[in-house]
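Participant: This is the structure, below, for whatever I ask next.
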Amino acid sequence: MKAEFLEFIKKLRTDDYDHLDNLFKWLKEGLRMTNSLKLRKDRGGTFYYWGKFARQNSDEEAKIIAHPGIVELVKAYREGTVKIDFYLDDLISEALGTGTSLD
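Position 27 of the sequence shown, counted from 1, bears residue number 201 in the working numbering, the numbering being contiguous throughout.
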C-alpha cells in the first residue's frame, strides 16, 4: 500500500500535487466542505473531483484526484468519521519510513 501511494505521488503533475497538498492542509484545519463531489475528467484523462471548503470570508478550492484511498479519506472526513491531524508531507514521510524525499 505504501509503495502504491508513493508511485501515485511521483506520477502527479505539479499542479495536481499542489492541489493535494492544499487539500490536506484544509482537512487538517477542519474546514467544512461546501459542495457535493461530482466525478469529472480533465484534458489528460485523469478522473478527479472538485472540492470547495468554507472559510469565514472566502472559499478554498482543490482538485481531488480520484485515487481510491484519497476519495475514501475525503468521504470519511465529510461524514465526520475521521479527524485529519496530518499533512500530505507526513503521509509521504510515513510511506518512506524515515526518509523525507521521493528521490
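Glycine is no exception: its CB is placed at the ideal position from the N, C-alpha and C atoms.
Using DSSP with H/G/I as helix, E/B as strand and the rest coil, what is PHE221?
Facilitator: Taking the first residue of the sequence shown as position 1, residue 221 is located at position 47. Three-state result, PHE221: strand.
Participant: Quick test of your reading: TYR251 and LYS199, contact by CB under 8 Å. State the CB separation rounded to the nearest angstrom.
Facilitator: Working through the sequence shown from its first residue, we reach residue 251 at position 77. Working through the sequence shown from its first residue, we reach residue 199 at position 25. Wrong, their Cβ atoms sit about 13 Å apart, outside the cutoff.
Participant: By Cβ distance, which residues of its chain are closer than 7 Å to LEU213, with the 5 residues on each side in sequence left out?
Facilitator: For the purposes of this step, residue 213 is identified with residue 39 of the sequence shown, where counting begins at 1. Here the set comprises PHE221, TYR223, ALA240.
Participant: Counting C-beta neighbours from all protein chains within 10 Å, is the total for THR274 16 or more, i.e. buried, or is it exposed?
Facilitator: Along the sequence shown, read from residue 1 onward, the residue named residue 274 stands at position 100. In this prediction, THR274 scores a pLDDT of 49, lower than 50, which makes its location untrustworthy; the coordinate-derived value is nonetheless stated afterwards. Answer is exposed; the Cβ neighbour count stays below 16.
Participant: Can you confirm whether the region 252–271 touches the region 192–209 when touching is taken to mean that 3 or more C-beta pairs between the two stretches lie within less than 8 Å?
Facilitator: Taking 8 Å as the limit for Cβ pairs, the verdict is that the region 252–271 does touch the region 192–209.
Participant: So is GLY204 buried or exposed if we call it buried at 16+ other beta carbons inside 10 Å?
Facilitator: Within the sequence shown, residue 204 is the residue found at index 30, counting from 1. Looking at its Cβ environment, which holds fewer than 16 other Cβ atoms inside 10 Å, GLY204 is exposed.
Participant: Is LYS237 near HIS193, with beta carbons less than 8 Å apart?
Facilitator: The residue given as residue 237 occupies position 63 in the sequence shown. The residue given as residue 193 occupies position 19 in the sequence shown. In this structure, HIS193 lies closer than 8 Å to LYS237 by Cβ.
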